[in-house]
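> Provided herewith is a single structure, encoded as structure tokens, for subsequent inquiry.
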Amino acid sequence: MGNFEFQAVEAKWQQYWKEKRSFAIDQNTSKPKYYVLDMFPYPSGAGLHVGHPLGFIATDIVARYKKLAGYNVLHPMGFDAFGLPAEQYAIETGQHPAVTTEANVRTFQAQLGRIGLAYDPDTTNMRTCDPDYYKWTQWIFLQIFHSWYNRAAGKAQHIDTLIAHFEGNGTQGLDAQHDFEGSFTAAEWQSMAPKQQHKILLHYRIAYIAYTEVNWCPALGTVLANDEVVNGVSERGGHPVVRKPMRQWAFRMRAYADRLLAGLDQLQWSDSIKEQQRNWIGRSEGANFFFQLEGHTERIEVFSTRPDTIFGATFMVLAPEHPLLEQIVTADRKADVLEYTTWSKNRSEVERQQEKKITGRFTGAYVAHPFAQGRKIPVWTADYVLWGYGTGAIMAVPAGDGRDYAFAKHFGLEILPIIEGADISEEAHESKEGKLINSDFLDGLDVKAAVRRAIQALQEKGIGEGRVNYRLRDPNFSRQRYWGEPFPIVFRDGLPYALPESELPVLLPVVERYEPGEEGEGPLANVAEWMHLPDGSVRESNTMPGYAGSSWYFLRYFDVKNAQAFSDKDKEAYWMDVDLYVGGSEHAVGHLLYSRFWTKILYDLGHITHDEPFKKLVNIGMIQGRSSLMHRLRGTNTFLSAGLIDGKDVDAIHVDVNIVEQDILDLDKVRVTRGGEYADAEFITEDGVFKCTYQVEKMGKRYFNAVNPTDVCDRYGADTLRLYEMFLGPLEDAKPWSTHGIEGCFRFLRKVWNLFTNEDNALIVTDAVPTADELRNLHQTIIKIQDDIEALSFNTSVAQFMKFCNEAQRLKTVSRAALEPFLILLSPFAPHFCEELWEMLGHKASISAAAWPIYDAQRVAVSSIDYPIQVNGKLRGKITVAADMSKEDVEIEVMASPEVAAILAGATPKKVIVVPGRIVNLVV
RNA sequence: GCGGAUAUGGCGAAAUUGGUAGACGCGCUAGAUUUAGGAUCUGGUGCCGCAAGGCGUGGGGGUUCGAGUCCCUUUAUCCGCACCA
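Counting in the numbering used here, the first sequence runs from 209 upward without gaps.
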């Protein structure tokens, strides 16, 4: 029996690929391109565990396959290197984040290197924290700063076009995304001081400064984006988050809401991710309209998706932050309402989430119903109405909305039925079915028609119009942290100015300490010599958030060394968009939405030619850890094997899975782990061994269940690891890591080896002409593997390889013509192994330069085959047909077997159903 | 509450999209061989049954000659969003 020395072979070929630059991209654009990308990793201190490579291996297989199939393939891998954990670590240890990040990157590279991933070598050193890289992150920020969103044109444009508009027309005829209140003429604009003009422009720039209530996390000393806050606590660390007004950079992403929504339809993404983005954008159609306050000149503007229910409105609710409150509240209620609004504003997100009790106050004010003469509607304030959505005020229709209903019940307010036959004695009727009643001119209409009619009536009366609202908020783009990109911005007289592009990159200064500055400012605020420029201007002390560098990195990979631009436009036109993007679903709304947003801006501004970055997206399921638990008798230092704990009072303790095999704990090793914590413990065994129980949970350091891919490579080799990770199950499913079955993949490789070689590792392959059966085996495999890779169904590919191998063994295949193409098919999955055999077969060039075998359907066809015969759908035996039923127009004679004949009993079948290549069914 | 998904042997999972359910692997099992080991090879392995045969894709109903696949209904689990008017 031959032997495959995987350790030596793998090292050999990894070295070979590196030296020959086998997977460097080819800028020859005459070939069709294929861009396959992984979400680049954040190099954490824990290193990779076996869950990480899942997606990397999948893209590697696709990349190698596409190369064999004749594509010009780009398969890069850089690092998302700015971020919070490195900075937290720096605060704790004083080590500079650049140092730890560099060390972590090297660990990752070593681990990835072992797996034999075919990356373009120039990209593997790309890091978002490298000045050559973040120079362009800053540059892109400047482009965004220098632009405004022209709604009339439906795109972002350079700020100069806005200035031109102001010079010619003032604010007249402008349809822009902005937060400027007021208007001016061209003459007024021209007479303004530059500073005043600059100030106004700030209200139009897509990157703008806002003093907004933000998610402030005192423990982390920073502000977090909405998607970094989970259930009122920080996603990282789980610290409480409160609301605090702060000077922040933000983007007018809301301008892109419709395009971000519409763009989804063109993308081959999973329904779940598309749906998550749709929900996040939260488009809803309805109407904005006004209610006239009694005894005031002001009106209350509300947004409603159900303007048809206007006759069911029995009270109004303003958000506690609503500015009108102060004016309208009656004297006798003033103190009460003020107390309420103060209380509610100070409530943290956590409190709001946790105790959803119904609270609110009556303001004493009333509005007039616009259509029902003489109807007065009381105005309340309550915190179930959010200031940040719609107009911050609603008309409450308890009959049609559950929250309004609960509020009305709680405070004893009127509930007016408006849908015919709806039972509203217990709950609101929220369905959009039914006909309107008690609604004047809407009576008898169904909901859809009534909505249209109501909007029409509001418009005719001049008090409202149809309106689309979005849940999407403008994302915050500031962090009060050190380890991120500095802004290319300085302040003069309190106003922000862009630095010229010639001054990029704005380098991150080296600091000694990482504690926040005063008032929650970032650590950079403490670096006086950096903050203050000779001309008296002051730098921005914030840095950019983690998603800055990752929002455009896919545009850099095909031109990583470009010092003139973030990437060459011709190269971009050729390589973009990403044909296949693979990564975890945790980025469903964060990274994936920001990347789309940046791409659209760069597209609008003419810097790139694609306005969607990722054509096809596949979400890999998380590989979960299989934690091992040992059980300690409570209050003692005695541990019991799993079979002995029944009925005992025990504590389950995580134990490192690396010293447990098949749930059996290695007692010698456990005594020396964790600094000898268990050195003196007593372990009670059963049947001579100590058994652990297990549970499935997230893989990570803290559960002692992380498995290092390098350890697996040491033991089984990279090719086995690759095959096994793919064999584990569908890519997109979450699955626990278990090594049950890895032996099977290992054995499979050895079996393949033995197809080619004898006991002395000598080739036994001959030039014999392959038989029809051997060719059928091969061609069935070609088509299956091809289809599987296109569908990313790698688990079934591995199964097919094994099947081929079993069949070849059975057929005693030794023919080179049958075995060599198989090796090419296998090579994307087990590249080192296949390279080695390929070389042994006498090939001079790498197998990665071979051509994918061509499938020949003729080889799979058969001349005679048994078909099952069914009567009324029940299997009743077999018939042999001496013709290929997979072809059309084949006359077949059905020879009824005795049992079939007995069932038919002389009757002629009413119908004979022949499914080509499948089955014959007689219907009697 | 809303949205997305999933449910198939002892286990991980297949099923050409309506056509012989359980490919492939693990495990188990019988045998062969061996320098007797957790190695290798061969056969068996959905369940019940000695067998013929029957039953089987979370539960219930339906369409069809034929349903894991389509429709209705119900249950369970996972994920995402969550006072969004």
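Glycine included, every Cβ here is placed at the ideal spot set by N, Cα and C. Everything numeric in this text was worked out from a predicted model, so none of it was measured.
Let me make sure I understand the geometry here. Which of Phe-248, Lys-640, Trp-344 has the alpha-carbon closest to that of Ile-627?
On the first sequence, position 419 is the one that residue 627 refers to. Checked all of Phe-248, Lys-640, Trp-344; the closest Cα to Ile-627 is Lys-640.
> Tell me the DSSP secondary structure of Phe-212 in three-state form.
Looking up residue 212 in the first sequence gives position 4. Coil, per DSSP.
> Taking one C-beta from the stretch 678-692 and one from the stretch 738-751 each time, how about it: are there three or more such pairs within less than 8 Å?
As far as the Cβ criterion goes, the stretch 678-692 touches the stretch 738-751, which means the pair count is three or higher.
> Nearest to Tyr-243 by CA position, among Ala-254, Pro-251, Tyr-273, is which residue?
Numbered from its first residue, the first sequence carries residue 243 at position 35. The candidate whose alpha carbon is nearest that of Tyr-243 is Tyr-273.
> Return the CA-CA distance between Arg-541 and Asn-554, expressed in angstroms with no decimal places.
On the first sequence, position 333 is the one that residue 541 refers to. On the first sequence, position 346 is the one that residue 554 refers to. Going from the Cα of Arg-541 to the Cα of Asn-554 covers about 20 Å.
> Taking its Cβ as the centre, do 16 or more other Cβ atoms sit within 10 Å of Gln-1008, making it buried, or is it exposed?
The count along the first sequence starts at 1 and reaches residue 1008 at position 800. The residue is buried, with at least 16 neighbouring Cβ atoms inside 10 Å.
> For Val-217 and Phe-762, what's the separation of their Cα atoms in angstroms?
Mapped onto the first sequence, residue 217 falls at position 9. Mapped onto the first sequence, residue 762 falls at position 554. Going from the Cα of Val-217 to the Cα of Phe-762 covers about 33 Å.
> Going by the CB atoms, is the gap between Ile-972 and Thr-965 shorter than 8 Å?
Taking the first residue of the first sequence as position 1, residue 965 is located at position 757. Taking the first residue of the first sequence as position 1, residue 972 is located at position 764. Yes, the Cβ-Cβ distance between Thr-965 and Ile-972 is below 8 Å.
> Using the Cβ count rule (16 or more neighbours within 10 Å means buried), how would you classify Leu-931?
Taking the first residue of the first sequence as 1, we reach residue 931 at position 723. Its Cβ being crowded by 16 or more others within 10 Å, Leu-931 is buried.
> Which of the three DSSP states, helix, strand or coil, is assigned to Ser-759?
Position 551 of the first sequence, counting from 1, holds the residue named residue 759. Coil, per DSSP.
> Could you name the residues of the same chain whose beta carbon sits closer than 6 Å to that of Ala-427, not counting the 5 residues immediately before and after it, in chain order?
Locating residue 427 in the first sequence gives position 219, counting from the first residue. Hits under 6 Å: His-447.
> Based on Cα-Cα distance, which residue from Gln-398, His-354, Gly-390 lies nearest to Phe-374?
Within the first sequence, numbered from 1, the residue matching residue 374 stands at position 166. Ranking Gln-398, His-354, Gly-390 by Cα distance to Phe-374 puts Gln-398 first.
> For Ser-391, does the count of other Cβ atoms within 10 angstroms reach 16, so buried, or fall short, so exposed?
Your numbering for residue 391 matches position 183 in the first sequence. When all chains shown are included, Ser-391 counts as exposed.
> Using the beta-carbon count (16 or more within 10 Å), is His-740 buried or exposed?
Here residue 740 corresponds to residue number 532 of the first sequence, with the count starting at 1. Per the 10 Å Cβ criterion, exposed.
> Excluding five sequence neighbours on each side, which residues of the same chain lie with their C-beta closer than 8 Å to the C-beta of Asp-648?
The residue you call residue 648 lines up with position 440 of the first sequence. Excluding positions up to five away in sequence, the list reads Phe-519, Phe-579, Ala-580.
> Return the Cβ separation of Trp-783 and Leu-382 in integer angstroms, given the expectation that the two are a contact with Cβ distance under 8 Å.
What you label residue 783 is simply residue 575 of the first sequence in a count that begins at 1. What you label residue 382 is simply residue 174 of the first sequence in a count that begins at 1. Incorrect: roughly 37 Å between the Cβ atoms, too far for contact.
> For Val-1120, count neighbouring Cβ atoms within 10 angstroms of its own Cβ and tell me buried if that reaches 16, exposed if not.
As a first step, residue 1120 is located in the first sequence; it is residue number 912 there, counting from the start. So Val-1120 counts as exposed.
> Which first and last residues belong to the alpha helix (DSSP H) in which Asp-927 is found?
Start at 1 with the first residue of the first sequence, and residue 927 comes out as number 719. It spans 926-935 - the alpha helix (DSSP H) in which Asp-927 sits, taken as one unbroken run.
> Can you give me the start and stop residues for the alpha helix (DSSP H) that Arg-314 sits inside?
Locating residue 314 in the first sequence gives position 106, where the first residue counts as 1. Counting along the chain, the alpha helix (DSSP H) containing Arg-314 begins and ends at 305-323.
> State the DSSP-derived secondary structure class of Cys-1042, mapped to helix, strand or coil.
Reading the first sequence from its first residue, position 834 is the one you call residue 1042. Looking at Cys-1042 - three-state DSSP - the assignment turns out to be helix.
> Run through DSSP, which three-state label would Glu-509 get?
Mapped onto the first sequence, residue 509 falls at position 301. In this structure, Glu-509 counts as strand in the three-state DSSP scheme.
> Measure how close the beta-carbons of Arg-467 and Lys-808 come, nearest whole angstrom, since I'm counting them as under 8 Å.
By one-based count along the first sequence, residue 467 stands at place 259. By one-based count along the first sequence, residue 808 stands at place 600. Correct: roughly 6 Å between the Cβ atoms.
> Within 10 angstroms of the Cβ of Ile-990, are there 16 or more other Cβ atoms? Answer buried if so, exposed if not.
As a working note, residue 990 is residue 782 in the first sequence. Classification of Ile-990: buried, given that the 10 Å Cβ count is 16 or more.
> Using only alpha-carbon positions, find the residue among Phe-497, Ser-552, Ala-576 that is nearest to Ile-566.
On the first sequence, position 358 is the one that residue 566 refers to. It is Ser-552.
> Taking three-plus beta-carbon pairs below 8 Å as touching, is the stretch 282-299 in contact with the stretch 219-227?
These segments do not touch.
> Taking the straight line between their C-alpha atoms, what separation do you get for Arg-413 and Phe-349?
As a working mapping, residue 413 is identified with position 205 in the first sequence. As a working mapping, residue 349 is identified with position 141 in the first sequence. Their Cα atoms are separated by approximately 11 Å.
> I think Leu-666 touches Ala-458, with their Cβ atoms under 8 Å apart; what is that distance to the nearest whole Å?
By 1-based counting over the first sequence, the position of residue 666 is 458. By 1-based counting over the first sequence, the position of residue 458 is 250. Rounded, the Cβ-Cβ distance is 32 Å, inconsistent with contact.
> Less than 8 Å between the beta carbons of Asp-864 and Phe-912, yes or no?
Counting from one through the first sequence, the residue named residue 864 turns up at place 656. Counting from one through the first sequence, the residue named residue 912 turns up at place 704. The answer is yes: Cβ separation under 8 Å.
> Could you have a look at Val-1123 and say whether DSSP puts it in helix, strand or coil?
Against the first sequence, residue 1123 aligns to sequence position 915. Reduced to three states, the DSSP call for Val-1123 is strand.
> On the CB-based measure, 16 or more other CB atoms within 10 Å of its CB, does Arg-840 come out buried or exposed?
Mapped onto the first sequence, residue 840 falls at position 632. Arg-840 should be labelled buried.
> Nearest to Arg-569 by alpha carbon, out of Glu-1047, Leu-621, Gly-598, Leu-1045?
Along the first sequence, read from residue 1 onward, the residue named residue 569 stands at position 361. Looking at the Cα atoms, Leu-621 is the closest of the given residues.
> Using the Cβ count rule (16 or more neighbours within 10 Å means buried), how would you classify Asn-423?
The sequence position of residue 423 within the first sequence is 215, counting from 1. By the 10 Å Cβ count, Asn-423 comes out buried.
> Would you say Phe-615 and Tyr-597 are within 8 Å of each other, going by their C-beta atoms?
What you label residue 615 is simply residue 407 of the first sequence in a count that begins at 1. What you label residue 597 is simply residue 389 of the first sequence in a count that begins at 1. No.
> State whether the stretch 756-775 contacts the stretch 324-340, with contact taken as three or more CB pairs (one from each stretch) at a distance under 8 Å.
With the cut-off at 8 Å, the stretch 756-775 and the stretch 324-340 touch.
> Go through its chain and collect everything with a Cβ distance to Ala-607's Cβ below 8 Å, but skip five positions before and after it.
Your numbering for residue 607 matches position 399 in the first sequence. Within the same chain, Ala-607 has close Cβ partners Thr-517, Gly-520, Tyr-613, Ile-623, Leu-624, Pro-625, Ile-626, Ile-627, Ala-630, Ile-632, Ala-636, His-637.
> Tell me whether Gln-456 is buried or exposed, calling it buried when 16 or more other Cβ atoms sit within 10 Å of its Cβ.
Residue mapping note: residue 456 aligns to position 248 of the first sequence, counting from 1. Buried, by the Cβ-count rule.
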